[in-house]
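All remarks here apply to the structure that follows.
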Amino acid sequence: MKSLVISLLVAAATQAAAPKGSIPPGMVRLVGSCFEMGADDGEANERPPHEVCVQGFLIDRTEVTQEAWGKTHMGNPAGFKCEKCPLERVTWFEAEQYCREKGLRLPTEAEWEYAARAGTHTPYPSGPYLDGEHAWYDGNSDGKTHPVASLRPNAWGLYDMLGNVWEWVNDGWDSTYYAKSPRQDPKGPTEASERMARGGSWYNFEGLVRSSTRIHYPPAQRFVNVGFRCARDLVPPDTTHKRTP
Ligand SMILES: [Ca+2]
Numbered sequence: 380m381k382s383l384v385i386s387l388l389v390a391a392a393t394q395a396a397a398p399k400g401s402i403p404p405g406m407v408r409l410v411g412s413c414f415e416m417g418a419d420d421g422e423a424n425e426r427p428p429h430e431v432c433v434q435g436f437l438i439d440r441t442e443v444t445q446e447a448w449g450k451t452h453m454g455n456p457a458g459f460k461c462e463k464c465p466l467e468r469v470t471w472f473e474a475e476q477y478c479r480e481k482g483l484r485l486p487t488e489a490e491w492e493y494a495a496r497a498g499t500h501t502p503y504p505s506g507p508y509l510d511g512e513h514a515w516y517d518g519n520s521d522g523k524t525h526p527v528a529s530l531r532p533n534a535w536g537l538y539d540m541l542g543n544v545w546e547w548v549n550d551g552w553d554s555t556y557y558a559k560s561p562r563q564d565p566k567g568p569t570e571a572s573e574r575m576a577r578g579g580s581w582y583n584f585e586g587l588v589r590s591s592t593r594i595h596y597p598p599a600q601r602f603v604n605v606g607f608r609c610a611r612d613l614v615p616p617d618t619t620h621k622r623t624p
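Encoded structure:
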């Protein structure tokens, strides 16, 4: 527990030092750093844990809501209609298009896990166990999605990274990718028939609602527990790589 507390403090200090600038509303700027991606004690597809470094980037503070999506031309496919709740039943293609039309992009799988961990090395940002204060999962969701940011954020100010809805990321699925992933800004396999989603959802038990849990689906499929959030490169690039202890 002591090391977790230290990690959280270091992480918070690291991100607090991120220079301000023109950060778009609703986004958080994360400085670049290195971290251990994956886990030894999770599912086979989370192994091997491996060090990854990402450049600084911007990421949405919350999952994309139905209210935000409603301003587009694509209609609202959500199963749980609720303006402040995350959009779901969205395909990977639609999510990618939404981000792109806003000058954004889907986060890479590495960026997503870096943001979800917020400097922690434990299964959950809150430690070894999931608590009901940070994530909607089957133990507290009452079988539905909930308005974004209605629970507590992680140490870097990001809401619902775990739970509420799984989040499409840009990477494709390759069962051997973690064993050969580049250390610097991995972007996933160049060819893949399925896309990754991360973080677990309102429907899942706590064993799946972890920072390193990985799942993959055909990109044209819709699920009532899969949504997304967007990210963006920093301009100019932030190539700082401060190691998080
Ligand atoms: Ca989520």
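Residue numbers (the numbering used here): 380 to 624.
Idealized CB from N, CA, C, for every residue including glycine.
Please read these numbers as outputs of a predicted model, since none were measured by experiment.
* Does the Cβ-Cβ distance between S590 and P465 come in under 9 Å? -> Here the question's residue 590 lines up with position 211 in the sequence shown. Here the question's residue 465 lines up with position 86 in the sequence shown. The answer is no: Cβ separation not under 9 Å.
* Over the uninterrupted alpha helix (DSSP H) stretch that includes W545, give me the two end residues. => As a working note, residue 545 is residue 166 in the sequence shown. Segment W545 to G551 is the beta strand (DSSP E) holding W545; no alpha helix (DSSP H) there.
* Which residues DSSP lists as bridging P465, in chain order -> Residue 465 sits at position 86 when you count from the first residue of the sequence shown. DSSP, once it has assigned bridges, lists T444 as partnering P465.
* Label V348 either buried or exposed according to how many other C-beta atoms from any shown protein chain fall within 10 Å of its C-beta, with 16 as the threshold for buried. => Given a span of 380 to 624 for the chain in the structure shown, any question on residue 348 remains unanswerable.
* What does E415 pair with, by DSSP beta-bridge criteria? -> Within the sequence shown, numbered from 1, the residue matching residue 415 stands at position 36. When beta bridges are read from the DSSP output, E415 appears opposite E430.
* To do: Go ahead and pull the three-state DSSP assignment for Y477.
  => In the sequence shown, residue 477 corresponds to position 98, counting from 1. Correct three-state label for Y477: helix.
* Considering only C-alpha positions, which residue in the set G435, S580 and P486 is nearest to N543? -> Within the sequence shown, residue 543 is the residue found at index 164, counting from 1. Of the candidates G435, S580 and P486, the one whose C-alpha sits nearest the C-alpha of N543 is S580.
* Asked: Could you give the distance in angstroms between the alpha-carbon of R531 and the alpha-carbon of M540?
  -> Translated into the one-based positions of the sequence shown, residue 531 becomes position 152. Translated into the one-based positions of the sequence shown, residue 540 becomes position 161. For R531 and M540, the distance between alpha carbons rounds to 11 Å.
* Would you call the region 570-579 and the region 542-560 in contact, with 3 or more CB pairs under 8 Å? -> yes
* With 16 other Cβ atoms within 10 Å as the buried cut-off, status of P565 -> Residue 565 sits at position 186 when you count from the first residue of the sequence shown. It is buried - the Cβ of P565 has at least 16 other Cβ atoms within 10 Å.
* **Nearest-residue set for ligand 1, Cβ under 6 Å from any heavy atom** => E442, D539, M540, G542, N543, V544, E546 and G578
* To do: Going by CA-CA distance only, name the one from S505, G498, G506 and V443 that's closest to P486.
  => Residue mapping note: residue 486 aligns to position 107 of the sequence shown, counting from 1. If you compare the alpha carbons of S505, G498, G506 and V443 with that of P486, the shortest gap goes to V443.
* To do: Look up P624 in the DSSP assignment and say whether it is helix, strand or coil.
  => Taking the first residue of the sequence shown as position 1, residue 624 is located at position 245. In this prediction, P624 scores a pLDDT of 35, lower than 50, which makes its location untrustworthy; the coordinate-derived value is nonetheless stated afterwards. Reduced to three states, the DSSP call for P624 is coil.
* **According to DSSP, residues forming a beta bridge with F607** => Within the sequence shown, the letter at position 228 stands for residue 607. Paired residue(s): W547.
* For W471, I'd like the list of residues in its chain whose CB is within less than 6 Å of its CB, leaving aside the five on either flank, ordered along the chain. => The residue labelled residue 471 in the question sits at position 92 within the sequence shown. Here the set comprises W547, R574 and P598.
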